[in-house]
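I have placed the structure first, in the form of structure tokens, so that the comments after it can refer back to it.
2 protein chains.
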Amino acid sequence: MRKTLFSVLLAVMSVSGTCLAQSGQASNSFAVKTAHPSPYNLNGSQFPRIEADASVTFQFKAPDAQKVQVAINNVPFDMIKGADGVWTYTSAPQDLGYRNYWMIVDGAMVLDPNTNAFIGYSHMCNGYEIPDPDGGFYELKDVPHGNVLIKNYYSKTTKGWRHVFIYTPPDYEKNTSARYPVLYLQHGGGEDERVWIEMGRTNLILDNLIAEGKAKPFIVVMETSAALKPGEVVAAPQPRPAQPVGTAQPAAPAGQAATAPRPRFNFDTYEELMITDLIPWIDSNYRTLASQPNRAMAGLSMGSAVTRQVALKHLDKFSSVGILSGGSVAPADITDKSKVKLVFMSFGSRENGSANLKAAADVLNQAGIKSVSYVSPLTAHEWQSWRRSLREFAMLLFKN
Amino acid sequence: MRKTLFSVLLAVMSVSGTCLAQSGQASNSFAVKTAHPSPYNLNGSQFPRIEADASVTFQFKAPDAQKVQVAINNVPFDMIKGADGVWTYTSAPQDLGYRNYWMIVDGAMVLDPNTNAFIGYSHMCNGYEIPDPDGGFYELKDVPHGNVLIKNYYSKTTKGWRHVFIYTPPDYEKNTSARYPVLYLQHGGGEDERVWIEMGRTNLILDNLIAEGKAKPFIVVMETSAALKPGEVVAAPQPRPAQPVGTAQPAAPAGQAATAPRPRFNFDTYEELMITDLIPWIDSNYRTLASQPNRAMAGLSMGSAVTRQVALKHLDKFSSVGILSGGSVAPADITDKSKVKLVFMSFGSRENGSANLKAAADVLNQAGIKSVSYVSPLTAHEWQSWRRSLREFAMLLFKN
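As given, the protein sequences belong to chains A and B, one line each in that order.
This note's numbering numbers the first residue of the first sequence as 1 and each following residue consecutively.
This note's numbering numbers the first residue of the second sequence as 1001 and each following residue consecutively.
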């Protein structure tokens, strides 16, 4: 029943066809229309429930607890205890798309077992999903589907096995002589190789774009930048800063350069691993176009710092880069502009730096480096910004 | 460091090469040798910690809680609060292999966010893993690896999308003209299509057997038997009964027939879906040997009831069946014995019915139906029984 309801809802939204998010209208004026359980709930659980006004109602049974909070993207909100020992909270209307949350029960940070768990903030989180009227681009449709492969390979750099997700486009298995370009796609801080499939919906976004003829078919490789040599120790990644949901961050003052987040961690081992282990393994085991013009790299947030370190430093291997919620690139960051086909930069409109992003792209273009900027309307440092950014980036990749 | 330590540990165990579990010695006399964090922990978390004697120490921070318990396979144990607000419990020595657990904080059933989450008992659980000195058969090794594919397909029966995991053997991609037999492999009650990969390690078990020449290469299809037509409503599956860990269940009295669990649910929709949607979709999209002699079905616990309903009822489509922790098959259950190549039945030695399983296989064999029974030493209704059973079953499949 739950899945059926959700399918009907998606069908209804698809027919209504409004594109508020894309046209830049206030997302919070969008009505979900029909309250429904979050699609990630298990076992018939009705909560979290997505309300008709895009607010979310949480319920949690903790009869003997003194205090229960729900933390949405790391911001705690007090829940109210009912006579039946069930605690309730209804949020303000939310931004569209996926959001992490968890519970705090008498000081203990915990998860609700009755809805699925996802990696984020360096630990498992619960998650919910607000439908986007323009979200059809990441929904499962009756189009040819590529494969998502779960693979392991051995890294000589870390002297250990690595877990990797690989997307191959729909025609990969049938067209057994064709070779494809490759995008290396990096997660953010406190995440891992799962997120670009589980929350990012990379496979569905590319399946849909390819079916519409809007993207060239390419392979996507999703690995984790967490990589240590034997005996190597680094500081644990810090979670992303708290970000109140639905609240606009102050934009950078006009004329002030957007500040690129500096790499907080040491990605040297992952850089070495990518160059000496991962890329050669991918090129020997998959039908890739194994050349610089056909290789791109992108990442979100911390993953954009990884992308800077690896791709901008190895322009003999990469021709296109995507910096998603990771600041802007300056001409001085590019050592050999003749090698660069595309610098794509994006932000959610609620993020610092979004206001100045187009100016930064203009500077690159004036310096002879092709650059495209994209600002996701009315979203913050969150998955809806990155799903939309991936769509925009994918439509530009490997086309020249 | 954590992964490295674990790898070293596995290497040490592999070299020591004792096979206590297989030879039937008491598993609890096996020393893990080196205490280590459970391999599923995140973010540098040290707990659960697997102790040298195969007991497990849990820690959980809940400074303001009045009572905290850890529930191991649905059996709660009281934790002790320390001055720092951290609660601790060390279990008795555990059976080998994977085990589900969760926390109960002031009456609220919750998960620890600092270790991975897995489906079980109809909700998400935390999990830990006790190394098995004979566990090399499900470990990642330097052998050719097959693919695990995450796929979606549309079911006309349920009028909705289905999520399926598919294992293709190591030579599937290179040997592009070869066709392969198929095993349909079902999860247990309160689980879903993820478990035979995540806890069952089906891909690693088959990679290793194929590399040793002990199993014929075949495809494995892992779907969920949860299937409803539009408007159809069934009772929610009930969780598996609580099973104290490391405690032998009383065996059925000698001479008393092992009792097969009766199907508690209605699998009619899944039966229709498999026959009309899933099998034809698999046979059109993968290089299968699409014939009765080359098609098998097996399941664990509730999944064995699904296997009875689908495979034993459609012997025109299936030639081999595996009943894992799901009772025994009698000659009267087989409508046409000329169609059956193999009936495999297994139990953990601590399960009811294990003592009489060989006798049940003898009865089948005497009736002219080839049957093999297997009892996993010193395990209960749990993953180590099913990993070992899959190994035994796989070595017999599609060989005649």
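Just so it is clear, CB atoms sit at the ideal spot from N, CA and C, and this is done for glycine as well.
Where does residue i sit, in a helix, a strand or coil, going by DSSP?
i, result
"Thr168 of chain A", "strand"
"Ala143 of chain A", "Per the sequence shown, residue 143 of chain A should be read as Val rather than Ala. Correct three-state label for Val143 of chain A: coil."
"Gly1299 of chain B", "strand"
"Pro37 of chain A", "strand"
"Phe398 of chain A", "coil"
"Asn352 of chain A", "coil"
"Gln1384 of chain B", "helix"
"Gly231 of chain A", "coil"
"Phe1267 of chain B", "coil"
"Ala1109 of chain B", "The amino acid at residue 1109 of chain B is misidentified as Ala; the sequence shows Met. Of the three classes helix, strand and coil, the one that applies to Met1109 of chain B here is strand, per DSSP."
"Thr335 of chain A", "coil"
"Arg391 of chain A", "helix"
"Ala52 of chain A", "coil"
Does the beta carbon of residue i come closer than 7 Å to any beta carbon on chain B?
i, result
"Val148 of chain A", "yes"
"Val340 of chain A", "no"
"Ala35 of chain A", "no"
"Asp134 of chain A", "no"
"Pro63 of chain A", "yes"
"Asp106 of chain A", "yes"
"Val195 of chain A", "no"
"Val110 of chain A", "yes"
"Leu96 of chain A", "no"
"Leu206 of chain A", "no"
"Ala211 of chain A", "no"
"Ala298 of chain A", "no"
"Ala117 of chain A", "yes"
Determine, using beta carbons only, whether residue i comes closer than 7 Å to chain A.
i, result
"His1123 of chain B", "yes"
"Met1222 of chain B", "no"
"Pro1113 of chain B", "yes"
"Thr1088 of chain B", "no"
"Ala1226 of chain B", "no"
"Thr1288 of chain B", "no"
"Leu1390 of chain B", "no"
"Thr1269 of chain B", "no"
"Gly1161 of chain B", "First, the residue type needs correcting, since residue 1161 of chain B is Trp and not Gly in the sequence shown. For Trp1161 of chain B, the answer is yes, since a Cβ of chain A falls inside 7 Å of its Cβ."
"Thr1176 of chain B", "yes"
"Leu1140 of chain B", "yes"
"Asn1152 of chain B", "yes"
"Gln1238 of chain B", "Low per-residue confidence applies at Gln1238 of chain B: pLDDT is 44, beneath 50, and the placement is therefore not dependable, though the value from the model is reported in the following sentence. It does not; no Cβ of chain A falls within 7 Å."
"Asn1043 of chain B", "yes"
"Lys1081 of chain B", "no"
How should residue i be labelled, buried or exposed, when 16 other C-beta atoms within 10 angstroms of its C-beta is the threshold for buried?
i, result
"Lys1159 of chain B", "exposed"
"Glu232 of chain A", "exposed"
"Gln1066 of chain B", "exposed"
"Thr176 of chain A", "exposed"
"Pro131 of chain A", "buried"
"Glu1212 of chain B", "exposed"
"Gln366 of chain A", "exposed"
"Ala83 of chain A", "exposed"
"Lys1174 of chain B", "exposed"
Report the partner residues of residue i according to the DSSP bridge assignment.
i, result
"Leu1183 of chain B", "B:Val1220, B:Ala1296"
"Leu1324 of chain B", "B:Leu1300, B:Ser1346"
"Asn1152 of chain B", "B:His1163"
"Leu1373 of chain B", "Going by the sequence as given, residue 1373 of chain B is Ser instead of Leu. Looking at the DSSP assignment, Ser1373 of chain B forms a beta bridge with B:Met1345."
"Tyr101 of chain A", "A:Ile72, A:Asn126"
"Gln1059 of chain B", "B:Thr1088"
"Ile1080 of chain B", "B:Thr1088"
"Thr288 of chain A", "A:Tyr180"
"Ala359 of chain A", "Ala359 of chain A pairs with nothing; no bridge assigned."
"Thr115 of chain A", "A:Asn41"
"Gly1120 of chain B", "B:His1123"
Taking 6 Å as the cut-off, does the CB of residue i come closer than this to any heavy atom belonging to the ligand SAH?
i, result
"Gly136 of chain A", "Questions concerning the ligand SAH fall outside what the structure shown contains, since it holds no ligand whatsoever."
Measuring CB atoms only, is the stretch 1210-1226 of chain B touching the stretch 1349-1363 of chain B, in the sense that at least three cross pairs come out at less than 8 Å? no
Touching or not, the stretch 369-387 of chain A and the stretch 339-352 of chain A, by the rule of three or more beta carbon pairs under 8 Å? yes
Do the stretch 1280-1290 of chain B and the stretch 1312-1319 of chain B make contact, defined as three or more Cβ pairs closer than 8 Å? no
Flag this pair as touching only if the stretch 78-96 of chain A and the stretch 1089-1102 of chain B have three or more C-beta atom pairs under 8 Å; answer yes or no. no
Decide if the stretch 1037-1052 of chain B is in contact with the stretch 112-123 of chain A; the criterion is three or more beta carbon pairs, one per stretch, under 8 Å apart. yes
Short of 9 Å Cβ to Cβ, which residues in the stretch 1046-1073 of chain B face chain C? Absence of chain C from the displayed structure is noted, the protein chains being A and B.
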